[in-house]
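First comes the structure, then the notes that go with it.
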Amino acid sequence: MDWLSPHPSRDLVDPEETGQEDGGANSVEAWRAHFEEKRKEREEKRQYPKAPFWVLEPKTAPKVQFSVENSVEKVSDVFLRAHSLFWDEIRENFYFVDEINRTIIRYTPAQEEMKIAAIEGYKGVDALDVICQSRRCRKRGSDMTVKGAGEDVLYRKYLASSEHSLYKVEWNGKKNKVSFVQKIQQDNDEKINYGKADPIGRVVIGSQVADPHPVDGEEYVQIRGYVKVYEAPKKFTNVFHVQMEKCTGLAFNWSASHLYVINAVQDEIHVFGYNIYEGKLETKLESILWSKLAGVKGSPHCLTCDIHDNLWVGCSKSAQIIALDPVDKSILRTISLENNCVDVTSIVFGHSNRDVLYVTTVNSTTGAEEAFDEDYAKRITDSGGLGLSSLLRVWNVNARALADYRARFF
């Protein structure tokens, strides 16, 4: 089992190396105390009210001033069906998958470099549906490194899914083949459809039932899907059943006290309480009904949070991105993509200032064979920024697992 220490506390070392699994300076209690200390430091630096966002009155909730103009730039080649974007804070790379080609793609904005890899020697993966989070592996012998160009290139570990199973894979970011590590079989009828890592390193996954759409003429019965919290080694710490047919998006708020889950069939966003210390989903606080929001088109398909806890929702059937205040449900901004894009499949903030929004899209207006011809990753930039640069000290939802915490990953 690897301990990952991007940089929060170099005094904390692996309990497996010291023999201190419980108690002592290197125990779980120690890094939890360190986590709490850092959280308090961040709280003291905040410029807006410290109350949880769901109890803030709309007039006191933090607002972001957006510039009017924005530009959309194509930054990748055409893929068959790209989705599952995430931002690697350490290496400053974006990763996403091509579901049809069963490949992992890495895009480096600084060099505008694209690397593509497929799982080597394993053909049982129907689709790489989820890549939850990257982790930097410690060097533990030559089997964890690749010699080249006078330096050791560390492998990266990922979690992917296909149908009912989770898969661990390794990739050094250079080769065009990915090493398959392990399959974790789950005995459920529901398909694993999406996942997201929390700051501690647990993975929250959402399901899709076998047939989420009712047959014409049959009475519709809402089906109970699940949201699970997975924590190594090979166990689910919490299973939360909810009326959800198809989960297409998950996102934590900045403090990981809340989890947002999209139910694509009912066009709603569930809001759950989340216990970051125990890795447990708590009560469902509310459901945001898409049809009740003023001026929105299409359906919610994917989402992410900015450092102000605003939701950015990528829509299907409308080629739009909606910035939503989760407190008063007001629409902060609408970004429309060009006409040859119909569905936004994934969305995430990146770059050091968290002021660049990356999305993957797909054109699904044509037949099944042609439905994925216009799928590519896009970069959305603002001439005046997205209003995030003034709060760089506040860590972003997609960066904190690598930038602020010491995490255990398998």
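Under the UniProt record's numbering, the first residue of the sequence shown carries the number 1, and numbering increases by one thereafter.
Just so it is clear, CB atoms sit at the ideal spot from N, CA and C, and this is done for glycine as well.
So, using beta-carbon positions, are residue i and residue j closer together than 8 Å?
| i | j | result |
| --- | --- | --- |
| Val348 | Tyr358 | yes |
| Thr361 | Cys302 | no |
| Glu282 | Val271 | no |
| Tyr322 | Val296 | Looking at the sequence shown, residue 322 is not Tyr but Ile. In this structure, Val296 lies closer than 8 Å to Ile322 by Cβ. |
| Val227 | Val203 | no |
| Gly195 | Ser161 | yes |
| Leu337 | Leu324 | no |
| Ile331 | Pro300 | no |
| residue 415 | Ile119 | Nothing can be reported for residue 415: it is not among the residues displayed for the chain, which extend from 1 to 410. |
| Ile276 | Ala256 | yes |
| Val97 | Ile90 | no |
| Gln320 | Gly298 | yes |
Taking DSSP as the reference, what is the three-state secondary structure of residue i?
| i | result |
| --- | --- |
| Ser299 | strand |
| Ala33 | helix |
| Lys175 | coil |
| Lys228 | strand |
| Lys168 | strand |
| Lys115 | strand |
| Phe53 | Per-residue confidence for Phe53 stands at a pLDDT of 28, beneath the threshold of 50, marking its modelled position as unreliable; the derived number appears in the next sentence. Looking at Phe53 - three-state DSSP - the assignment turns out to be helix. |
| Lys329 | coil |
In the DSSP assignment, find the unbroken beta strand (DSSP E) run with residue i in it and report its ends.
| i | result |
| --- | --- |
| Lys280 | 280 to 289 |
| Lys191 | 191 to 197 |
| Trp254 | Premise fails: Trp254 is in no beta strand (DSSP E) and is neither H nor E. |
| Gln208 | 203 to 208 |
| Ser84 | 82 to 88 |
| Ser316 | 311 to 316 |
| Asn93 | 93 to 98 |
| Glu308 | Strictly speaking, residue 308 in this sequence is His, with Glu absent from that position. No beta strand (DSSP E) holds His308; DSSP gives it neither H nor E. |
| His270 | 268 to 275 |
| Arg102 | Careful: Arg102 lies outside any beta strand (DSSP E) and carries neither H nor E. |
| Ala323 | 320 to 324 |
| Ile347 | 343 to 350 |
| Leu357 | 356 to 362 |
Rounded to the nearest angstrom, how far is the Cβ of residue i from that of residue j, given a contact under 8 Å?
| i | j | result |
| --- | --- | --- |
| Leu250 | Gly206 | 6 Å |
| Lys246 | Asn176 | That pair is no contact at about 32 Å. |
| His351 | Pro199 | Not really, about 20 Å apart at Cβ, beyond 8 Å. |
| Lys280 | Val229 | 7 Å |
| Asp309 | Asn253 | 5 Å |
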